[in-house]
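So the structure is just underneath, and the comments pick up after that.
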Amino acid sequence: MQKERIADVSAAAIDAALAEVGRAAQSAGVATLVGTERLTPTGRHLTQVVFDEKGENLGEQLKTQVDPREEELYAPGARRRVFKAAGVTFGVALCHEVFRYPEIPRALALAGAQIVFAPHYVTTKDGYLPKRWLDPDGPYNEKALMCRAIENTVYVAAANIASPDQGSATCIIAPDGSLVASVPYGQAGVAVADIDLTRATGLIAKRWAPERSLAR
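Shown next as structure tokens:
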């Protein structure tokens with residue numbers, strides 16, 4: 187959550203910036219997700235905008251589960267969706283959503299997502315910088331990301347801030363929960379890896395049987 191109030195940015199300025207991102211995506215031939223905010227009649231929404239590798243704006247995913255600490259500033263959106271770009275089907279779960287609401291990544295997997303992207307902002311409470319993946323002295327968040335991959339049999343691609351108190355990795359996690367690639371803690375960078383999409387079967391997600399599982 188933003189700790190200090192900052193000046194509002196007009197919708198026109200945001201749209202101009204997004205258009206620039208779209209041109210960069212087209213130039214690089216890379217599908218791109220970018221975080222922003224949208225001020226609407228229903229409130230201010232945390233948003234991820236998705237561009238395909240041709241620079242086309244494929245649409246937006248609003249954050250549907252807002253952290254209680256953010257409710258003063260942001261309104262929840264509605265509905266999940268999956269996107270298709272560069273031969274991949276994927277969805278987005280924003281920060282609090284992927285850590286506290288496992289049903290959201292599951293819904294995306296059931297809708298065909300092979301990758302769940304998880305942009306987030308997580309720091310340590312005491313300024314500690316983790317030394318290794320799943321560091322027992324670090325926050326729980328990496329463990330949750332690993333669970334989201336295993337419990338749905340999909341890849342999870344997580345992006346966190348790079349700071350001296352970064353609490354979880356910018357990384358790619360395989361459907362079996364193994365770490366495929368990561369950026370060193372506290373350093374800015376991009377996690378890059380070749381992945382085998384045939385492993386992203388969604389098997390465990392598809393085996394969910396709500397008629398046998400819901401409490402009465």
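Quick note, the sequence shown lines up with residues 187 to 402 if you use the numbering used here. No residue lacks a Cβ here, since even glycine has one placed at the ideal position from N, Cα and C.
- If you keep only unbroken beta strand (DSSP E) runs of at least 3 residues inside the region 239-279, you get 243-248, 269-271 and 274-278.
- Separation of Ile-336 and Tyr-287 (C-alpha to C-alpha, rounded to the nearest whole angstrom) is 15 angstroms.
- Under DSSP, Arg-318 forms no beta bridge with any residue.
- Contact between Ala-355 and Trp-319 holds: their C-beta atoms lie close to 6 angstroms from each other, under 8 angstroms.
- The region 291-309 makes no contact with the region 249-265: fewer than 3 CB pairs, one atom from each, lie closer than 8 angstroms.
- Ala-391 is a Cβ neighbour of Leu-296, given a cutoff of 8 angstroms.
- The Cβ neighbour count for Lys-311, taken over all protein chains shown within 10 Å, is under 16; the residue is labelled exposed.
- Take Tyr-371, set aside five residues on each side of it, and the residues of its chain with a beta-carbon closer than 7 angstroms to its own are Leu-315, Pro-316, Gln-352 and Ala-355, in chain order.
- The shortest C-alpha to C-alpha distance from Ala-199 to any of Gln-212, Ala-217, Leu-225 and Leu-219 is the one to Leu-225.
- Nearest to Tyr-307 by C-alpha distance, out of Cys-281, Ala-367 and Ala-386, is Cys-281.
- Per DSSP, reduced to three states, the secondary structure at Thr-310 is coil, with no helix or strand assignment.
- Contact between Ala-379 and Val-366 holds, with the beta-carbon distance rounding to 5 angstroms and staying under 8 angstroms.
- Following the DSSP letters along the chain, one finds Cys-333 inside the alpha helix (DSSP H) bounded by residues 327-338.
- Counting only residues of its own chain and dropping the five nearest sequence neighbours on each side, Leu-248 has a CB closer than 6 angstroms to the CB of His-231, Thr-233 and Gly-263.
- Close CB contacts of Ala-217 within its chain, under the 6 angstroms cut and outside five residues either way in sequence, are with Asp-238, Glu-239, Ala-271 and Ala-272 (chain order).
- A straight line joining the alpha-carbon of Ser-399 with that of Gly-298 spans about 22 angstroms.
- DSSP places Val-302 inside the beta strand (DSSP E), whose first and last residues are 301-305.
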